[in-house]
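The block underneath contains the structure these notes are about, expressed in structure tokens.
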Amino acid sequence: MFKNKNSQRGDTIVEVLLAMAVIGMVLGAAFGIANRSVAIGRSAQERTEALKIAESQVELLKTLYPSSSTMQGRLSSEPFCIDVSTSSDADATDAACTNTNGFGVSGLYSIAITKPVDDLDATEDPVKISITWERL
Numbered sequence: 001m002f003k004n005k006n007s008q009r010g011d012t013i014v015e016v017l018l019a020m021a022v023i024g025m026v027l028g029a030a031f032g033i034a035n036r037s038v039a040i041g042r043s044a045q046e047r048t049e050a051l052k053i054a055e056s057q058v059e060l061l062k063t064l065y066p067s068s069s070t071m072q073g074r075l076s077s078e079p080f081c082i083d084v085s086t087s088s089d090a091d092a093t094d095a096a097c098t099n100t101n102g103f104g105v106s107g108l109y110s111i112a113i114t115k116p117v118d119d120l121d122a123t124e125d126p127v128k129i130s131i132t133w134e135r136l
């Protein structure tokens with residue numbers, strides 16, 4: 001009874017390389033999905049913060065506009081915002097109109113309150129509040 005000397009147990013180099021390729025593709029796909037998920041989460045956070053800033057400007061405008069003749073005059077001229085710390089209006093280019101985000105990054109959001117051009121003669125005084133930002 002002779003044993004076959006060529007029958008060895010184990011994997012060939014081709015099998016090992018194929019397994020490594022499959023594992024690499026799975027890890028690459030997982031990394032891509034995780035990276036996209038982080039980007040979507042960051043975008044949602046930025047939009048939520050911008051919405052909160054816009055809501056605070058709306059509430060301040062509703063409170064201060066009826067009693068402030070300067071705000072009423074500004075609404076028909078240049079863009080402005082309401083400084084949260086002083087409850088007064090400021091030019092849209094002023095530092096008060098660049099808000100700080102939740103992580104302390106100042107100047108991330110820019111605020112501008114304007115009157116829509118097509119509504120300049122409206123008696124209801126509609127306003128447009130724009131919050132712009134550069135992506136993190």
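Heads up, the sequence shown is in our numbering, so the first residue is 1 and it goes up one at a time. For glycine and all other residues, C-beta sits at the position ideal for the given N, C-alpha and C. Owing to the predicted nature of the structure, the values given are computational and were not obtained by experimental measurement.
Taking 7 Å as the cut-off, the Cβ atoms of Ser110 and Thr98 count as close.
Counting other Cβ atoms within 10 Å of its Cβ, Ala34 stays below 16 and is therefore classed as exposed.
At a Cβ-Cβ threshold of 7 Å, Lys115 and Ser76 count as neighbours. Residue Phe80 holds the alpha-carbon nearest to the alpha-carbon of Ala92 among Gly41, Phe80, Ala50.
Look at Ala92 here: in three-state DSSP terms it is coil, with no helix or strand label.
Here the alpha carbon of Ile129 sits roughly 22 Å from the alpha carbon of Arg42. Ser37 and Arg74 have their alpha carbons spaced roughly 42 Å apart.
Distance from the Cα of Leu108 is smallest, within the candidate group Thr12, Val127, Trp133, Ile13, for Trp133. Thr70 carries a helical assignment under DSSP once its states are collapsed to helix, strand and coil. Taking the Cβ atoms as the reference, Val127 lies roughly 7 Å from Leu61, within the contact range of under 8 Å. The straight-line gap separating the alpha-carbon atoms of Asp11 and Val22 is approximately 16 Å. Annotation for Ser43: the continuous alpha helix (DSSP H) segment containing it runs 13-64. Beta-carbon to beta-carbon, Val26 and Ser56 are separated by about 46 Å, too far to satisfy the 8 Å threshold.
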